[in-house]
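Accompanying notes for the structure given below.
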Amino acid sequence: MKLSFMANITIAFYPSQLYLGQIGSKRSIQVSCRSSNKWNVQEDPFKETSHLQTSYYNDGFNSTKFGLLVKDVKYALRTQINSTNNLVLVDALQRMGIEHHFQEEIQSILQKEYEQGACFYKYQNHHDISLCFRLLRQEGYHVSADVFKKFKNNDDGTFGLNLSQDVNGLIGLYEASQLGVEGEHILDEVANFSGDHLNACLANSDSCDEARIIKETLKYPYHKSLASCKAKSFINNFKGINGWGRSTLQELANMDYSITKEMHQQELAQVSRWWKSLGLAEELKLLRDQPLKWYTWPMAVLQDPRMSQQRIELAKCISFVYVIDDIFDVYGTIEDLTLFTQAVNRWELSAMVDLPEYMRSTYKALYNTINSIGYNIYKIYGQNPTQNLRNTWGNLCNAFLKEAKWFASGVVPSTNEYLKNGLVSSGVGTILVHMFYILGLGVNSNIHLEDISSMSSSGAMILRLWDDLGSAKDENQEGKDGSYIECYMKENKDASIELAREHVIKLIEDEWKKLNKEHLHLMSPSSRSFSKASLNSARMVPLMYSYDDKQSLPILQQYIKSMLYGDLSM
1 MKLSFMANIT
11 IAFYPSQLYL
21 GQIGSKRSIQ
31 VSCRSSNKWN
41 VQEDPFKETS
51 HLQTSYYNDG
61 FNSTKFGLLV
71 KDVKYALRTQ
81 INSTNNLVLV
91 DALQRMGIEH
101 HFQEEIQSIL
111 QKEYEQGACF
121 YKYQNHHDIS
131 LCFRLLRQEG
141 YHVSADVFKK
151 FKNNDDGTFG
161 LNLSQDVNGL
171 IGLYEASQLG
181 VEGEHILDEV
191 ANFSGDHLNA
201 CLANSDSCDE
211 ARIIKETLKY
221 PYHKSLASCK
231 AKSFINNFKG
241 INGWGRSTLQ
251 ELANMDYSIT
261 KEMHQQELAQ
271 VSRWWKSLGL
281 AEELKLLRDQ
291 PLKWYTWPMA
301 VLQDPRMSQQ
311 RIELAKCISF
321 VYVIDDIFDV
331 YGTIEDLTLF
341 TQAVNRWELS
351 AMVDLPEYMR
361 STYKALYNTI
371 NSIGYNIYKI
381 YGQNPTQNLR
391 NTWGNLCNAF
401 LKEAKWFASG
411 VVPSTNEYLK
421 NGLVSSGVGT
431 ILVHMFYILG
441 LGVNSNIHLE
451 DISSMSSSGA
461 MILRLWDDLG
471 SAKDENQEGK
481 DGSYIECYMK
491 ENKDASIELA
501 REHVIKLIED
511 EWKKLNKEHL
521 HLMSPSSRSF
531 SKASLNSARM
541 VPLMYSYDDK
551 QSLPILQQYI
561 KSMLYGDLSM
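Here full-length UniProt numbering is used: the first residue of the sequence shown is 1, the next is one more, and so on.
Here it is in structure tokens:
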């Protein structure tokens with residue numbers, strides 16, 4: 001996982017007196033982005049007490065004002081007669097990132113829509129049909145894409161021109177098309193038609209607001225974007241639903257944002273404190289020292305505020321993917337890396353004696369951390385997954401070692417060889433296995449570890465290919481990484497770099513279709529949280545690898561600032 005920040009930034013936190021016992025005090029966490037591109041937390045004003053996080057969750061979300069707002073929205077969801085308004089309200093709640101307060105009501109509405117076959121019979125407007133289709137598919141309902149055939153011209157099989165001037169309808173069609181799976185050619189046609197006409201509308205638009213919405217839709221379609229990344233814009237521009245809901249939903253969203261922001265600050269502080277206690281950054285100066293960046297992954301992936309401890313545990317796992325990647329990229333010789341890989345596969349503390357001195361602390365920290373996570377899972381859920389957890393680290397090191405040997409010997413593997421190994425070396429599979437158990441799956445449920453293999457592979461492919469599209473050299477390191485584009489151009493000697501990049505983008509689109517298919521398969525009540533988190537991990541990837549001309553990541557920087565500092569009106 002390669003990241004680069006080239007700017008300096010200070011994020012000031014304003015924690016609640018619940019934590020500090022100080023009224024009116026202002027404390028700050030300094031987030032350093034020095035020339036070495038290290039993102040670390042220099043000051044920790046928070047107390048490490050998980051019961052305080054739970055208390056703040058309860059005190060914040062159970063406050064009288066917050067409860068009244070939630071009650072108003074629940075009443076609207078339960079009593080709204082107009083089905084279209086209900087769908088618009090559900091969409092608004094999801095886009096604002098506050099749907100977790102209304103899961104029962106939302107599921108009731110969507111289940112009713114699904115049972116009635118609403119997309120086929122009730123709605124005639126293409127925007128409403130697109131919205132219904134998208135909301136149902138997002139929640140795992142198998143609705144047929146054939147519903148969009150009604151928009152095609154019966155004479156020539158093309159989409160009618162009467163749609164081309166309906167911007168809202170085109171946006172709805174484009175958003176719905178992003179949930180397609182392999183073989184749904186009608187949704188490919190919908191995507192091409194709506195995309196082409198939205199670009200035409202953009203070129204001729206006289207409205208700044210309309211142009212902004214079209215640009216955001218084309219560049220960041222909702223299904224492939226983090227809702228939390230787009231929430232601020234949606235909330236600030238929300239006009240209400242037929243005169244209802246604007247002030248209620250905006251106030252509710254702002255309160256929810258303030259509560260979750262402080263929870264994220266607490267969690268980041270705890271992760272930073274844990275990382276500092278390991279002492280690895282002091283011992284190995286070339287390691288990335290970036291707890292803020294590592295925590296950003298679970299902050300984006302596990303968005304339910306109740307998953308505080310899960311985010312912290314997952315951040316620890318993610319940190320070791322980065323750390324071991326650095327060991328292989330910038331520290332070890334092939335001989336040393338072979339010893340490290342053998343030790344991880346043995347998973348015995350005594351294996352440390354065979355390692356070079358500089359590797360011992362990393363190995364011990366990995367061993368202790370993963371065993372501790374496994375034991376905590378056992379205490380909570382009654383199963384000990386440590387064997388499966390440790391196997392993923394052995395597999396990861398095996399893949400890293402294979403890449404190191406390729407590059408040390410000057411070998412450029414075939415594209416198939418590169419991707420097969422790259423799916424493992426991406427680290428996605430390792431993290432998703434840990435997330436599987438951290439979320440309590442595999443215990444008294446119908447989902448098993450092998451059931452997530454396809455979703456894991458697609459997520460890993462998306463990350464690997466996005467990583468290889470990035471042109472920035474990461475973290476000022478001197479190590480070398482391979483690239484799918486390099487392998488592809490070796491096999492296709494007449495291909496230009498532009499053609500190779502287009503090929504990679506097409507592969508990413510294909511993997512999203514596979515991911516959508518697996519999402520539909522894994523959306524049972526017991527596995528819904530895992531499936532949604534896996535989608536969020538794929539949505540997070542573009543933020544992590546969208547470099548600008550200065551080889552920095554401004555979108556990611558803005559996302560972190562928005563989630564950890566400021567307010568929704570920024």
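Each residue gets a CB set at the ideal place from its N, CA and C atoms; glycine is no exception. This structure is a prediction, so every number in the text was calculated from the model and none was measured.
Please classify residue i: is it buried, with 16 or more other beta-carbons within 10 angstroms of its beta-carbon, or exposed?
i      : result
Pro525 : exposed
Tyr75  : exposed
Tyr367 : buried
Asn536 : buried
Arg137 : buried
Asn421 : buried
Arg306 : exposed
Ile129 : buried
Leu499 : exposed
Thr260 : buried
Val353 : exposed
Gly243 : exposed
Val443 : exposed
By the DSSP assignment, the alpha helix (DSSP H) with residue i in it spans what residues?
i      : result
Gly429 : 428 to 438
Glu511 : 497 to 521
Tyr545 : 528 to 545
Val167 : 167 to 177
Arg273 : 246 to 278
Thr79  : 64 to 79
Ser425 : 415 to 425
Lys405 : 386 to 408
Ala92  : 83 to 96
Gln111 : 103 to 116
Thr217 : 208 to 219
Ser454 : 453 to 469
Ala200 : 185 to 204
Between residue i and the rest of its own chain, which residues show a CB-CB distance below 7 angstroms, the 5 nearest in sequence each way excluded?
i      : result
Ser228 : Gly97, Ala300, Gln303, Met563
Val323 : Leu280, Leu287, Thr362
Cys487 : Val412, Pro413, Ser414, Thr415, Tyr418
Asn388 : Val433, Leu449
Given a cut-off of 7 angstroms, decide if residue j and residue i are closer than it, judged by their beta-carbon atoms.
i           : j      : result
Thr386      : Gly374 : yes
Leu131      : Leu87  : yes
Pro291      : Ser277 : no
Leu252      : Leu93  : no
Ser457      : Leu515 : no
Phe133      : Ala176 : yes
Val541      : Ile462 : yes
residue 611 : Lys513 : There is no way to answer for residue 611, as the model of the chain reaches only from 1 to 570.
Ser534      : Met455 : yes
Ala145      : Leu187 : yes
Ser308      : Glu267 : yes
Asn168      : His127 : yes
Leu314      : Pro298 : yes
Cys317      : His448 : no
Ala460      : Leu423 : yes
Ile377      : Tyr437 : yes
Which of the three DSSP states is assigned to residue i in this structure?
i      : result
Trp297 : helix
Met373 : First, the residue type needs correcting, since residue 373 is Ile and not Met in the sequence shown. In the structure shown, Ile373 sits in a helix (DSSP, three-state: H, G or I).
Ile324 : helix
Lys347 : First, the residue type needs correcting, since residue 347 is Trp and not Lys in the sequence shown. In the structure shown, Trp347 sits in coil (DSSP, three-state: anything other than H, G, I, E or B).
Ile241 : strand
Lys152 : strand
Looking only at its own chain, which residues have a Cβ that is under 8 angstroms from the Cβ of residue i, when we skip the five neighbours before and after it?
i      : result
Ser543 : Residue identity differs from the one stated: residue 543 is Leu in this sequence, not Ser. Here the set comprises Leu226, Cys229, Ala300, Leu553, Ile555, Leu556, Tyr559.
Arg501 : Leu469, Ile485
Ala408 : Ile334
Leu110 : Val90, Leu135, Leu136, Glu139, Tyr141
Tyr114 : Leu136, Tyr141, Val143
Once the 5 residues before and after residue i are set aside, which same chain residues still bring their CB inside 6 angstroms of it?
i      : result
Asp336 : Pro356
Met359 : Phe340
Ser205 : Ala211
Asp548 : Pro554
Asp256 : Ile98
Arg440 : Going by the sequence as given, residue 440 is Gly instead of Arg. Tyr381.
Thr369 : Lys316
Thr79  : none
Could you tell me whether the Cβ of residue i comes closer than 7 angstroms to any Cβ of chain D?
i      : result
Lys230 : Protein chains in the displayed structure number just one, and chain D is not present.
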